[in-house]
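Top line first, the protein sequences correspond to chains A and B. Our numbering puts the first residue of the first sequence at 1, with every later residue one more than the last. Our numbering puts the first residue of the second sequence at 1001, with every later residue one more than the last. Inspection log for the structure reproduced underneath, given as structure tokens.
2 protein chains.
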Amino acid sequence: TRLLAKNDQFAQQNRDRFQACGLLALNFLSSPGSGKTALIEQTAKVWGGGAERVGVIVGDLATENDAQRLRSVGAIALQITTGSACHLEADMVAHALSHLDLDSLDLMVIENVGNLVCPAAYDLGEARRAVLLSVTEGEDKPLKYPTAFQSADVVILTKMDIAQAVGFDRTSAIDNIRHMAPRATVFELSVRTGEGIDTWVQYLQAQRQSIN
Amino acid sequence: TRLLAKNDQFAQQNRDRFQACGLLALNFLSSPGSGKTALIEQTAKVWGGGAERVGVIVGDLATENDAQRLRSVGAIALQITTGSACHLEADMVAHALSHLDLDSLDLMVIENVGNLVCPAAYDLGEARRAVLLSVTEGEDKPLKYPTAFQSADVVILTKMDIAQAVGFDRTSAIDNIRHMAPRATVFELSVRTGEGIDTWVQYLQAQRQSIN
Ligand SMILES: Nc1nc2c(ncn2[C@@H]2O[C@H](COP(=O)(O)OP(=O)(O)OP(=O)(O)O)[C@@H](O)[C@H]2O)c(=O)[nH]1
Ligand SMILES: Nc1nc2c(ncn2[C@@H]2O[C@H](COP(=O)(O)OP(=O)(O)OP(=O)(O)O)[C@@H](O)[C@H]2O)c(=O)[nH]1
Ligand SMILES: [Mg+2]
Ligand SMILES: [Mg+2]
Ligand SMILES: [Zn+2]
Ligand SMILES: [Zn+2]
């Protein structure tokens, strides 16, 4: 709890910085391979004002793969390789921010380490926390990973293009999400087909207006 | 490290117990929703001698869902709900073993908490550690989650039935697995179609012979 108090100090510092720069900051949490990087890539590609207005801080145990993917669509991406830490903490984000020119950005996405457990406990200073769940993972995941889903402001159902192929039970998934995160805004989308992407981007633009 | 030394004491105790009972013990690690429970269900259903010879210890943050699924195919399943712990530890497994009649079992599967990071560091006393990777998660996951894959005795590619639908690059995935786990035995299977299940079960039966 002492460590969490320390984390929260850095989180508030980050939050203040984002607000001072009129920057909408998101924290993306999900299992490995749910499509976080793919969605951030797509968001940057269609962002009014251009991909270079989208900053990304990506956490992974190893590799620069995600940051490289994001740079190749024109986003400003900084990779944090944690070695063994299974989640990002606010002090890591604070340090990363010092390497970025925040005034040149509209949107900051923090892609957390792929993990539906540990990242949930750490406020990074984000304005909105999005938990992603792909249609391939199983409808009961919101019940089985409560801390993540209970902490969500937004829940994003990803890979909707293969929902039918895997026999996805949408009603059951949405019920479980509503049960764990009754006040969360839910999006259903596919990076592959583009379904739901406009709705998602419009939401981000509206959020950005309201923080400014 | 002191905590890990304590874990390893319990792990060795578990390992000794398994060997004394001629019981093949497996530790299943993967992301949430990669198909651990589904594969254990299927393994139990086709196990020579019957599902009731298969014991399972399942770890989850919350719910009894996985243990219930396993019981409904006739396996002997014990659920550990960890609350917040993001991985199973050897002492939890030791405690669970005290509730099971090990002499009545041939196979013990420990289904770890869905998490490709933290569980890797904890020896539970298993004879074989299997890391599961579904074709939907992305071919670079073995590189991005090194501790899990480097610790694997077995790597199982799951959900092969939808490999084509998601454009799975099998060569790239296998290369990455070989890079991180050169001595691991690799299986490719689908619970949905049954592809590769016989090969997997034959491997288990052979492993069980060799520990007896
Ligand atoms: N069918 C389909 N596949 C998708 C979609 N979005 C992403 N994928 C695939 O899902 C896999 C994982 O995508 P990533 O973007 O790497 O997922 P991630 O959540 O960033 O993974 P980590 O950062 O390792 O936790 C890749 O093979 C993607 O091509 C989608 O909308 N539809
Ligand atoms: N298409 C297809 N889907 C599968 C297969 N195996 C499992 N699934 C589906 O994948 C989803 C997750 O399966 P689970 O068995 O719950 O996965 P898990 O790894 O035990 O999940 P956690 O215990 O929560 O980490 C479910 O919707 C399953 O029906 C398969 O071989 N093919
Ligand atoms: Mg990623
Ligand atoms: Mg399971
Ligand atoms: Zn952690
Ligand atoms: Zn952990």
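A virtual CB, placed ideally from N, CA and C, is assigned to each residue, including glycine. Remember, predicted model here, so these are calculated numbers, not experimental data.
Along chain B, in chain order, which residues have C-beta atoms closer than 8 Å to that of A:L143?
For the purposes of this step, residue 143 of chain A is identified with residue 143 of the first sequence, where counting begins at 1. Those within 8 Å of A:L143 in chain B are A1062, T1063 and N1065.
Along the stretch 98 to 112 of chain A, where does the CB come closer than 8 Å to a CB of chain D? Name the residues.
Structure shown: chain D not included; protein chains present are A and B.
Ligand 2 and A:P146: does the residue's C-beta get closer than 7 Å to at least one heavy atom of that ligand?
To locate residue 146 of chain A, count along the first sequence from 1; it is residue 146. For ligand 2, not one heavy atom lies less than 7 Å from the Cβ of A:P146.
Along the chain, where does the beta strand (DSSP E) that runs through B:R1002 open and close?
As a first step, residue 1002 of chain B must be located in the second sequence, where it is residue number 2. Premise fails: B:R1002 lies in the alpha helix (DSSP H), R1002 to A1020, not in any beta strand (DSSP E).
Should A:T136 be labelled buried (16 or more other beta-carbon atoms within 10 Å of its own) or exposed?
Against the first sequence, residue 136 of chain A aligns to sequence position 136. That one is buried.
Do the stretch 55 to 74 of chain A and the stretch 103 to 122 of chain A make contact, defined as three or more Cβ pairs closer than 8 Å?
yes
CB B:A1127 to CB B:F1018, shorter than 8 Å?
Position 127 of the second sequence, counted from the first residue, corresponds to residue 1127 of chain B. Position 18 of the second sequence, counted from the first residue, corresponds to residue 1018 of chain B. In this structure, B:F1018 lies closer than 8 Å to B:A1127 by Cβ.
Alpha carbon to alpha carbon, how far is A:C21 from A:D91? Give it in angstroms, no decimals.
Reading the first sequence from its first residue, position 91 is the one you call residue 91 of chain A. Reading the first sequence from its first residue, position 21 is the one you call residue 21 of chain A. Each residue's alpha carbon lies about 19 Å from the other.
Within 8 Å, strictly: CB atoms of A:V191 and A:Q68:
On the first sequence, position 191 is the one that residue 191 of chain A refers to. On the first sequence, position 68 is the one that residue 68 of chain A refers to. No; because the gap between Cβ atoms is not below 8 Å, this pair is not in contact.
Any C-beta of chain A within less than 7 Å: which residues of the stretch 1020 to 1046 of chain B qualify?
S1031, P1032 and G1033
Closer than 8 Å, CB to CB, is B:L1189 near chain A or not?
Counted from its first residue, the second sequence places residue 1189 of chain B at position 189. Judged by the 8 Å Cβ criterion, B:L1189 is not in contact with chain A.
What residues does ligand 7 have around it, judged by CB closer than 5 Å to any heavy atom, in chain order?
In the structure shown, ligand 7 is absent; the only ligands present are ligand 1, ligand 2, ligand 3, ligand 4, ligand 5 and ligand 6.
Using a Cβ cut-off of 8 Å (strictly closer), state whether A:N14 contacts chain B.
To locate residue 14 of chain A, count along the first sequence from 1; it is residue 14. Output row for A:N14: interface = no.
Does the CB of A:N115 have a neighbour CB from chain B at under 8 Å?
By one-based count along the first sequence, residue 115 of chain A stands at place 115. With 8 Å as the cut-off, A:N115 counts as an interface residue toward chain B.
Name, please, each residue of chain A whose Cβ falls closer than 7 Å to the Cβ of B:V1166.
Indexing the second sequence from 1 puts residue 1166 of chain B at position 166. In chain order: I162.
Whole angstroms are fine: how far does the CA of A:L78 sit from the CA of A:A62?
Here residue 62 of chain A refers to the residue found at position 62 when the first sequence is read from its first residue. Here residue 78 of chain A refers to the residue found at position 78 when the first sequence is read from its first residue. Rounded to whole angstroms, the gap between the alpha carbons of A:A62 and A:L78 is 13 Å.
Could you compute how far the alpha carbon of B:Y1122 sits from the alpha carbon of A:E52?
In the second sequence, residue 1122 of chain B corresponds to position 122, counting from 1. In the first sequence, residue 52 of chain A corresponds to position 52, counting from 1. Taking the Cα positions, B:Y1122 is about 42 Å away from A:E52.
Based on the DSSP secondary-structure assignment, which residues constitute the bridge partners of A:R129?
As a working mapping, residue 129 of chain A is identified with position 129 in the first sequence. According to DSSP, A:R129 bridges with A:N27.
Short Cβ contact (8 Å threshold) for B:D1140 with A:N65:
Looking up residue 1140 of chain B in the second sequence gives position 140. Looking up residue 65 of chain A in the first sequence gives position 65. Inclusion of B:D1140 and A:N65 in the CB contact set at 8 Å is warranted, their separation being smaller than that value.
Measuring alpha carbon to alpha carbon, tell me which residue in A:L4, A:A5, A:L132 and A:D101 is nearest A:T37.
As a working mapping, residue 37 of chain A is identified with position 37 in the first sequence. It is A:L132.
Can you look up B:Q1079 in the DSSP assignment and give me helix, strand or coil?
One-based indexing of the second sequence puts residue 1079 of chain B at position 79. DSSP places B:Q1079 in the strand class (E or B) of the three-state scheme.
Distance, Cα to Cα, A:L107 vs A:V93?
In the first sequence, counting from the first residue as 1, residue 107 of chain A sits at position 107. In the first sequence, counting from the first residue as 1, residue 93 of chain A sits at position 93. Between A:L107 and A:V93, the C-alpha separation is close to 15 Å.
Report the three-state DSSP secondary structure of B:S1210 (helix, strand or coil).
Translated into the one-based positions of the second sequence, residue 1210 of chain B becomes position 210. DSSP places B:S1210 in helix when its eight states are reduced to three.
Could you spell out the range, first to last residue, of the alpha helix (DSSP H) harbouring B:V1117?
Stepping through the second sequence from its first residue, residue 1117 of chain B is reached at position 117. From DSSP, B:V1117 is part of no alpha helix (DSSP H); its letter is neither H nor E.
Considering only DSSP beta bridges, list what A:V58 is partnered with.
Residue numbering aside, residue 58 of chain A sits at position 58 when the first sequence is read from its first letter. Bridge partners of A:V58: A:Q79 and A:E111.
Quick check: what's the CA-CA separation for A:A165 versus B:S1210?
As a first step, residue 165 of chain A is located in the first sequence; it is residue number 165 there, counting from the start. As a first step, residue 1210 of chain B is located in the second sequence; it is residue number 210 there, counting from the start. Here the C-alpha atom of A:A165 lies approximately 40 Å from the C-alpha atom of B:S1210.
I need the DSSP call for A:L204, collapsed to helix, strand or coil.
Counted from its first residue, the first sequence places residue 204 of chain A at position 204. DSSP, reduced to helix, strand and coil, places A:L204 within a helical segment of the structure shown.
Out of B:I1177, B:S1172, B:Y1145 and B:D1008, which one is the CA nearest neighbour of B:I1156?
Residue mapping note: residue 1156 of chain B aligns to position 156 of the second sequence, counting from 1. Of the candidates B:I1177, B:S1172, B:Y1145 and B:D1008, the one whose C-alpha sits nearest the C-alpha of B:I1156 is B:I1177.
Tell me whether A:V113, by its Cβ, gets closer than 7 Å to a heavy atom of ligand 6.
Taking the first sequence and counting its residues from 1, the one referred to as residue 113 of chain A is at position 113. False, no ligand heavy atom lies under 7 Å from that Cβ.
Check whether the Cβ of A:S151 lies closer than 8 Å to any Cβ atom in chain B.
Working through the first sequence from its first residue, we reach residue 151 of chain A at position 151. Taking Cβ atoms only, chain B never reaches closer than 8 Å to A:S151, which makes this a no.
Euclidean distance between Cα positions of B:G1048 and A:R71
Position 48 of the second sequence holds residue 1048 of chain B. Position 71 of the first sequence holds residue 71 of chain A. So the two alpha carbons sit approximately 53 Å from each other.
Output needed for A:I40: all residues of its chain with C-beta closer than 8 Å, excluding positions within five of it in sequence on either side, in chain order.
Here residue 40 of chain A refers to the residue found at position 40 of the first sequence. Excluding sequence neighbours, A:I40 sits near F28, V54, V56, L70, A75, V109 and E111.
Rounded separation between B:L1204 and A:L4 - CA only
Counting from one through the second sequence, the residue named residue 1204 of chain B turns up at place 204. Counting from one through the first sequence, the residue named residue 4 of chain A turns up at place 4. Cα-Cα distance, rounded: 44 Å.
For A:E195, three-class secondary structure by DSSP
If you number the first sequence from 1, residue 195 of chain A lands on position 195. Three-state DSSP puts A:E195 in coil, outside helix and strand.
Using three-state DSSP, classify B:T1158 as helix, strand or coil.
As a working note, residue 1158 of chain B is residue 158 in the second sequence. In the structure shown, B:T1158 sits in a strand (DSSP, three-state: E or B).
Got a sec: is the Cβ-Cβ distance from A:G59 to anything in chain B below 8 Å?
Taking the first residue of the first sequence as position 1, residue 59 of chain A is located at position 59. Chain B contact via Cβ: absent.
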